[in-house]
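Engineer:
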Amino acid sequence: MNLYWGDLHNHCGITYGFGSLENALAAAKEQLDFCAIIGHAMWPDMPERTEELEFLVDFHLKGFAKLRNNWEGVRDTVKAWNVPHEFVTFQGYEIHSSEFGDHHILSTSDELPLIQANSPAELVSSLAPLSVIAVPHHVGYTPGYRGANWDAFSESISPVVEVFSKHGSSMSDSSPYTYLHTMGPRDSRNTIVSAIQRGKRFSFAGSTDHHAGYPGSFGDGRVAVLAAEKTRESIWEALLARRTYAVTGDKIACHFTVNGAIFGSEVNDTGRRQLLLDVTACDGIEKVTVYKNGIVWNIVNGISGAGLKTVRPAQRGTYKVRVEMGWGESKDGFKWQGSARLDGGEVKSVETCFRGQSVLAPSPEMRENPNINALDNRLISTSSDGAEWTCTTFKNPSTLHPQTAALIFEIDGDVDSRLSVEVNGQTFAYTIGELITGSRSSHLQPYNSEAVLFHRAVPEHEYRFQGEWSDEEKETDCDAYHVEIKQWNGQYAWISPVFVKA
3 MNLYWGDLHN HCGITYGFGS LENALAAAKE QLDFCAIIGH AMWPDMPERT EELEFLVDFH
63 LKGFAKLRNN WEGVRDTVKA WNVPHEFVTF QGYEIHSSEF GDHHILSTSD ELPLIQANSP
123 AELVSSLAPL SVIAVPHHVG YTPGYRGANW DAFSESISPV VEVFSKHGSS MSDSSPYTYL
183 HTMGPRDSRN TIVSAIQRGK RFSFAGSTDH HAGYPGSFGD GRVAVLAAEK TRESIWEALL
243 ARRTYAVTGD KIACHFTVNG AIFGSEVNDT GRRQLLLDVT ACDGIEKVTV YKNGIVWNIV
303 NGISGAGLKT VRPAQRGTYK VRVEMGWGES KDGFKWQGSA RLDGGEVKSV ETCFRGQSVL
363 APSPEMRENP NINALDNRLI STSSDGAEWT CTTFKNPSTL HPQTAALIFE IDGDVDSRLS
423 VEVNGQTFAY TIGELITGSR SSHLQPYNSE AVLFHRAVPE HEYRFQGEWS DEEKETDCDA
483 YHVEIKQWNG QYAWISPVFV KA
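Residue numbering for the sequence shown follows the working numbering, beginning at 3 and increasing consecutively.
#1: Could you check which residue in Ala283, Val260 and Trp391 has the C-alpha nearest to that of Pro499?
#2: Using 10 angstroms around the beta-carbon of Thr312, count the other beta-carbons present and answer buried if the total reaches 16, otherwise exposed.
#3: Do Asp104 and Arg148 have their beta-carbon atoms positioned less than 9 Å apart in this structure?
#4: Count the other C-beta atoms from every protein chain shown that fall within 10 angstroms of the C-beta of Arg314, then say buried if there are 16 or more, exposed otherwise.
#5: Alpha carbon to alpha carbon, how far is Ser341 from Asp252? Give it in angstroms, no decimals.
#6: From Pro461 to Asn72, what distance separates their C-alpha atoms?
#7: Indicate whether the contact test is met: 3 or more Cβ pairs, each with one atom in the segment 38-48 and one in the segment 391-401, closer than 8 Å.
#8: Closest to Tyr247 by C-alpha separation, out of Ser209, Arg275, Ser128 and Gly65, would be which residue?
#9: Give the DSSP-derived three-state secondary structure of Gln447 in the structure shown.
#10: Classify Trp73 as helix, strand or coil using the three-state DSSP reduction.
#11: Would you check if the distance between the CB atom of Phe61 and the CB atom of Tyr18 is smaller than 9 Å?
#12: Taking Glu370 and Phe20 to be in contact with their CB atoms under 8 Å, please state how far apart those CB atoms are, rounded to whole angstroms.
#13: Could you check the C-alpha separation between Ser444 and Ser127 for me, to the nearest Å?
#14: Looking at C-alpha atoms only, which residue of Thr272, Gly286, Val352 and Gly262 is the closest neighbour of Leu279?
#15: Within this structure, are the beta carbons of Ile39 and Pro217 separated by less than 9 Å?
#16: Below 9 Å between beta carbons: does that hold for Val137 and Ser158?
#17: Rounded to whole angstroms, how far is the Cβ of Tyr465 from the Cβ of Ile287, which I believe are closer than 8 Å?
#18: Since Ser196 is in the beta strand (DSSP E), which residue starts that stretch and which ends it?
#19: DSSP three-state label for Glu462, please.
#20: What are the partner residues of Thr406, as DSSP defines its beta bridges?
#21: Going by beta carbon distance, what residues of the same chain come within less than 6 Å of Ser219, once the five residues before and after it are set aside?
#22: Please classify Asn450 as buried or exposed, where buried requires at least 16 neighbouring CB atoms within 10 angstroms.
#23: Quick one: Cα of Val80 to Cα of Met327, how far?
#24: Can the beta-carbon of Glu486 be found less than 9 Å from the beta-carbon of Thr291?
#25: Going by the CB atoms, is the gap between Gln405 and Ser472 shorter than 9 Å?
#26: Is the segment 163-170 touching the segment 112-123, taking contact as three or more C-beta pairs under 8 Å?
#27: Determine the direct distance from the alpha carbon of Phe467 to that of Asp285, and round the result to whole angstroms.
#28: Beta-carbon separation of Phe92 and Leu10 under 9 Å?
#29: Going residue by residue through the segment 27-53, where are the continuous beta strand (DSSP E) segments of at least 3 residues, counting only ones entirely within it?
#30: Please determine, among Val417, Gly492, Ala197 and Ser400, the residue with the shortest C-alpha to C-alpha distance to Asp153.
#31: Measure the beta-carbon distance from Asp189 to Pro145 and round it to whole angstroms, keeping in mind my assumption that it falls under 8 Å.
#32: Kindly identify the DSSP beta-bridge partner or partners of Gln339.
Quick look at the structure:
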């Protein structure tokens, strides 16, 4: 089995949204293994059009009609981009519902028809015998206000639930990344923890819900799938089997089992539950939290930076160094041409952390723009001693919201290994020994300038974790164990439950 990374819920200009479908697919292919581009299709219980709701109702109706009128072309384009073992696409569209909560419909069928229905369950039933699932998203909103309806939830049509996106985290009402959209705050009754405690069984997914054609935009949500191969059929089988988990952005590799059963599985109770966890993170691991039936069951705190002082001169090992670019005042985009060279070591891997311009929903002043995120963000080449890339960054929209780009270099080396980065004709270089002590930043211009940040070098013992626990206490007829990983840089992974049946 292999880990594959995707975004199954994002939007572009095929309905109400921005950016072309082709640009969205191209962006996804640069840093994901699979995706679905979702069009808004219907809202059967939409509020009545009043003066106050005029803009809301009108942009929805206009978007629905746009998708309906162009559905065959959208479907054909998505089909054309599906290349087995290279890049996988799924067909899909979204149904809003005040009563049942919003869901996006996914299917392997390139003949998926766009039909109307009064609920997600009715829609899935009407699409039979096609293989279709309905994924609830931003479930934490108020009941009856497009949040989840756990009373109506069906595991048979929703094996996967989206737990994180640009809307925030719906894990619990105390989870990081609270809801700040105009749709309102989180409600504990509709959180993931509440559903688990009610006995609902599903796996977790992250996806961006990006509305400007940039699937997988870093920090907005991604889904990991454990599948046999990178094909539509194999990834679909993994979705149905619930072998998924959610991350905020960093591709945190996780393997979690209970009595040998992988996350998402159901396993019969044998009296003793053996929990095994293996994590390879992208930054230092601050905390590992194991939950049982939605309640904290075990916490392991990570190693602080002070522990790095034990690294001896010339000690060889594996490190992760994040090189971040951005800042400055460019509202129209700042283009970066970059290359990196490593002397005295080996580059084992390079992970990209590219973002698109952030849009979550239309506003009255926005105008249609098919090229809003036609950004040349790509990893051009990699080798054992370096990499080349190009990317575009923008002025950070606030002091709390980044619009930067980054690459994570996994380096086999020692304190004398030197990473040199050339960007836009300027070169900056530091040794692992220097970066072990802390980050280093440099600016391209004298003031209010774009900048380059070499993050602190993170040794392997800080980003790797293996844990083992045992439990013999039965609490319910089906105990659920899930795990939360928190990195020092604020990135998270939420690993789906293993369900232990009495």
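All residues carry an ideal CB built from backbone N, CA and C; glycine is no exception. Only a predicted model underlies this, so the values are computations on that prediction, with no experimental measurement involved.
Structural biologist: Based on what the coordinates show:
#1: The residue you call residue 499 lines up with position 497 of the sequence shown. With distances taken between CA atoms, Pro499 lies nearest to Val260 out of Ala283, Val260 and Trp391.
#2: In the sequence shown, the residue the question calls residue 312 occupies position 310. Residue placement at Thr312 cannot be trusted, given a pLDDT of 38 that sits under 50; the coordinates are not used to answer.
#3: By 1-based counting over the sequence shown, the position of residue 148 is 146. By 1-based counting over the sequence shown, the position of residue 104 is 102. Going by C-beta atoms, Arg148 is nearer than 9 Å to Asp104.
#4: To locate residue 314, count along the sequence shown from 1; it is residue 312. No answer about Arg314 holds up, because its pLDDT of 46 lies below 50 and its placement is not dependable.
#5: For the purposes of this step, residue 252 is identified with residue 250 of the sequence shown, where counting begins at 1. For the purposes of this step, residue 341 is identified with residue 339 of the sequence shown, where counting begins at 1. Computed Cα separation, rounded: 21 Å.
#6: Within the sequence shown, residue 461 is the residue found at index 459, counting from 1. Within the sequence shown, residue 72 is the residue found at index 70, counting from 1. Roughly 51 Å between the two C-alpha positions.
#7: no
#8: Residue numbering aside, residue 247 sits at position 245 when the sequence shown is read from its first letter. Selected option, being the one with the closest Cα: Ser209.
#9: To locate residue 447, count along the sequence shown from 1; it is residue 445. Three-state DSSP puts Gln447 in coil, outside helix and strand.
#10: Position 71 of the sequence shown, counted from the first residue, corresponds to residue 73. If DSSP states are grouped into helix, strand and coil, Trp73 belongs with the helices.
#11: Taking the sequence shown and counting its residues from 1, the one referred to as residue 61 is at position 59. Taking the sequence shown and counting its residues from 1, the one referred to as residue 18 is at position 16. Result yes, Cβ atoms of Phe61 and Tyr18 sit closer than 9 Å.
#12: Walking along the sequence shown from the start, residue 370 turns up at place 368. Walking along the sequence shown from the start, residue 20 turns up at place 18. Yes, they are in contact, since the Cβ atoms of Glu370 and Phe20 sit about 7 Å apart, within 8 Å.
#13: Within the sequence shown, residue 444 is the residue found at index 442, counting from 1. Within the sequence shown, residue 127 is the residue found at index 125, counting from 1. About 57 Å.
#14: Position 277 of the sequence shown holds residue 279. Taking only the C-alpha atoms, the option nearest Leu279 is Gly262.
#15: By 1-based counting over the sequence shown, the position of residue 39 is 37. By 1-based counting over the sequence shown, the position of residue 217 is 215. In this structure, Pro217 lies closer than 9 Å to Ile39 by Cβ.
#16: Residue numbering aside, residue 137 sits at position 135 when the sequence shown is read from its first letter. Residue numbering aside, residue 158 sits at position 156 when the sequence shown is read from its first letter. It is not a contact, given that the beta carbons lie outside the stated cut-off.
#17: Mapped onto the sequence shown, residue 465 falls at position 463. Mapped onto the sequence shown, residue 287 falls at position 285. Confirmed, Cβ separation roughly 6 Å.
#18: Counted from its first residue, the sequence shown places residue 196 at position 194. For Ser196, no beta strand (DSSP E) run applies; the uninterrupted alpha helix (DSSP H) run containing it begins and ends at Ile194 to Gln199, by DSSP.
#19: The residue given as residue 462 occupies position 460 in the sequence shown. Here Glu462 sits in helix by DSSP.
#20: Taking the sequence shown and counting its residues from 1, the one referred to as residue 406 is at position 404. Answer is none; Thr406 lacks a bridge partner.
#21: Position 217 of the sequence shown holds residue 219. These residues qualify, in order along the chain: Thr210, His212, Arg357 and Gly358.
#22: Position 448 of the sequence shown, counted from the start, is the residue given in the question as residue 450. Result: exposed.
#23: Walking along the sequence shown from the start, residue 80 turns up at place 78. Walking along the sequence shown from the start, residue 327 turns up at place 325. In a straight line, the C-alpha of Val80 is about 32 Å away from that of Met327.
#24: As a position in the sequence shown, residue 486 is number 484, starting the count at 1. As a position in the sequence shown, residue 291 is number 289, starting the count at 1. A contact, by the Cβ cut-off of 9 Å.
#25: Working through the sequence shown from its first residue, we reach residue 472 at position 470. Working through the sequence shown from its first residue, we reach residue 405 at position 403. Cβ atoms of Ser472 and Gln405: not closer than 9 Å.
#26: No contact exists between the segment 163-170 and the segment 112-123.
#27: Working through the sequence shown from its first residue, we reach residue 285 at position 283. Working through the sequence shown from its first residue, we reach residue 467 at position 465. Going from the Cα of Asp285 to the Cα of Phe467 covers about 12 Å.
#28: One-based indexing of the sequence shown puts residue 92 at position 90. One-based indexing of the sequence shown puts residue 10 at position 8. It is a contact, given that the beta carbons lie within the stated cut-off.
#29: 36-38 and 41-44
#30: One-based indexing of the sequence shown puts residue 153 at position 151. Checking every option, the nearest Cα to that of Asp153 belongs to Ala197.
#31: For the purposes of this step, residue 189 is taken as residue 187 along the sequence shown, with counting starting at 1. For the purposes of this step, residue 145 is taken as residue 143 along the sequence shown, with counting starting at 1. Indeed they touch by this definition, with Cβ atoms about 7 Å apart.
#32: As a working note, residue 339 is residue 337 in the sequence shown. Per the DSSP secondary-structure output, Gln339 pairs in a beta bridge with Thr392.
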